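Numbering (my numbering), first residue to last: 1 to 377.
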């Protein structure tokens with residue numbers, strides 16, 4: 001049998017993992033490489049932080065998914081790809097050969113101060129659960145100050161859900177959001193206005209157009225001269241693709257994303273494919289958001305099926321617009337479709353329904369059964 005390696009068990013590979021049986025019938029042995037038995041869904045990460053969801057509701061049992069369908073799961077991470085040898089090297093020293101390699105290696109949060117960064121990155125998503133539990137425990141005994149750094153959707157959701165965590169524990173939690181620009185610059189201006197109004201009502205401090213000069217112990221110095229003390233600082237600024245591709249001499253964009261064509265195929269090595277945050281899509285720039293990774297999944301699967309017979313590949317055609325919904329942490333959401341924006345409980349319920357429907361699609365049978373009214377059974 002020909003060897004197919006799925007490197008990474010993220011959103012873009014879930015569809016292929018779900019259809020491992022079909023890949024085996026097509027003549028592949030399938031090996032999935034992932035850092036752990038579970039992959040957490042980033043869209044529910046802020047709710048996990050606030051205690052709205054439990055870990056089992058927000059993660060895919062990727063080892064079970066793989067093995068239940070006849071694949072092999074290897075716990076580890078890719079250190080190097082040797083495309084001329086059709087081989088990957090893992091962090092533990094193990095080497096695996098492939099006939100076709102598909103990469104869904106994700107992205108990492110860019111450190112704020114590489115030499116001495118005291119912040120907690122939002123990725124991996126498990127960090128949010130760990131931080132939430134520790135903050136909740138400490139709030140039983142003391143007041144806390146938390147900085148959220150980054151004014152994009154992730155930073156806004158985390159700040160709102162931290163505030164809710166403080167309310168749930170009845171503790172004294174001071175939440176401050178720092179943004180180098182105005183918050184939510186990727187969205188229509190109404191989104192920003194609604195978030196600022198909500199955060200003002202809830203006592204969340206927002207500093208826009210500020211940069212961090214340096215950290216000193218449990219204080220951050222801003223370029224406007226202000227100094228803010230903190231007990232926790234969460235980095236939700238920006239992400240960059242895995243460094244593996246550049247280290248391996250593969251063709252990459254300026255930020256290190258694997259350059260792929262419209263078929264999600266490496267431009268220089270036709271037996272290497274990629275999807276999700278780790279790629280740079282050559283036909284047009286794409287934002288590194290989950291909706292594209294999920295939409296790439298079925299296209300990637302179809303192309304992997306026919307990669308070795310050199311069949312007709314299917315092009316990925318990204319949608320021009322997509323629905324955005326933010327979880328503000330207080331039971332409300334903020335929904336945007338093109339120029340249409342509304343906030344409130346209904347927006348959160350729509351997001352909750354979409355997220356849980358997506359989770360159910362890839363859950364191992366019997367692992368968890370969602371009640372779409374907001375509880376799991």
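Glycine included, each C-beta is placed from N, C-alpha and C at the ideal position.
The model shown is predicted, which means the values in this text are computed figures rather than measured ones.
Whole angstroms is fine: what's the gap from residue i's alpha carbon to residue j's?
i	j	result
residue 29	residue 277	26 Å
residue 341	residue 189	10 Å
residue 215	residue 228	10 Å
residue 60	residue 18	11 Å
residue 253	residue 125	25 Å
residue 298	residue 15	6 Å
residue 187	residue 247	35 Å
residue 266	residue 260	4 Å
residue 346	residue 333	7 Å
residue 370	residue 84	Summary for residue 370: the model assigns pLDDT 40, below 50, so the residue's position carries little reliability; its value from the coordinates is reported in the next sentence. Going from the Cα of residue 370 to the Cα of residue 84 covers about 46 Å.
residue 223	residue 113	15 Å
residue 77	residue 39	13 Å
residue 195	residue 100	45 Å
residue 204	residue 160	8 Å
residue 68	residue 212	48 Å
residue 106	residue 62	15 Å
residue 239	residue 111	9 Å
residue 166	residue 157	14 Å
residue 144	residue 136	10 Å
residue 343	residue 320	23 Å
residue 327	residue 47	8 Å
Which of the three DSSP states is assigned to residue i in this structure?
i	result
residue 368	Because residue 368 sits at a pLDDT of 49, beneath the cut-off of 50, its placement in the model cannot be relied upon, and the following sentence gives the value as read from the coordinates. Looking at residue 368 - three-state DSSP - the assignment turns out to be coil, as it is neither helix nor strand.
residue 103	strand
residue 223	coil
residue 274	strand
residue 322	coil
residue 380	Here the chain covers residues 1 to 377 and nothing more, so residue 380 does not appear.
residue 286	coil
residue 347	helix
residue 261	coil
residue 342	strand
residue 80	strand
residue 354	helix
residue 7	strand
residue 327	strand
residue 228	strand
residue 374	Reliability fails at residue 374, whose pLDDT of 39 lies under 50, so the model's placement of it is uncertain and the value that follows must be treated cautiously. Reduced to three states, the DSSP call for residue 374 is coil.
In terms of residue numbering, what span does the alpha helix (DSSP H) encompassing residue i cover?
i	result
residue 298	290-306
residue 236	Run containing residue 236: none; DSSP gives neither H nor E here.
residue 206	No alpha helix (DSSP H) contains residue 206, which is instead part of the beta strand (DSSP E) from 205-207.
residue 245	244-247
Comparing alpha-carbon positions, which option in the options lies nearest residue i?
i	options	result
residue 255	273, 262, 279, 263	279
residue 146	152, 125, 171	171
residue 151	166, 41, 179, 283	179
residue 177	352, 131, 235	235
residue 356	13, 52, 201	52
residue 273	72, 258, 121	258
residue 120	237, 140, 322, 343	237
residue 108	331, 288, 305	288
residue 97	123, 33, 157	33
residue 315	306, 22, 44, 57	306
residue 31	66, 127, 295	66
residue 175	321, 232, 303	232
residue 43	143, 20, 24, 155	155
residue 283	263, 295, 117	263
residue 311	349, 270, 6	270
residue 142	173, 197, 117, 129	173
residue 245	70, 22, 25, 79	79
residue 281	322, 137, 241, 210	241
residue 138	153, 128, 169	169
residue 90	328, 74, 104	74
residue 250	321, 86, 26, 12	86
In terms of residue numbering, what span does the beta strand (DSSP E) encompassing residue i cover?
i	result
residue 61	Residue 61 -> no beta strand (DSSP E), and no H or E assigned at all.
residue 215	212-216
residue 281	279-281
residue 386	In the structure as shown, the chain begins at 1 and stops at 377. Residue 386 is therefore absent and cannot be evaluated.
residue 334	333-337
Does the distance between the C-beta of residue i and the nearest non-hydrogen atom of the ligand PLP fall short of 6 Å?
i	result
residue 211	Although the ligand PLP was asked about, the structure shown includes no ligands whatsoever.
**Study point:** Length-filtered (3 minimum) beta strand (DSSP E) runs lying within the region 16-73
**Key:** 28-34
**Study point:** Every unbroken beta strand (DSSP E) within the region 94-178, with a cutoff of 3 residues, ordered by chain
**Key:** 95-97, 100-103, 107-109, 144-149, 173-178
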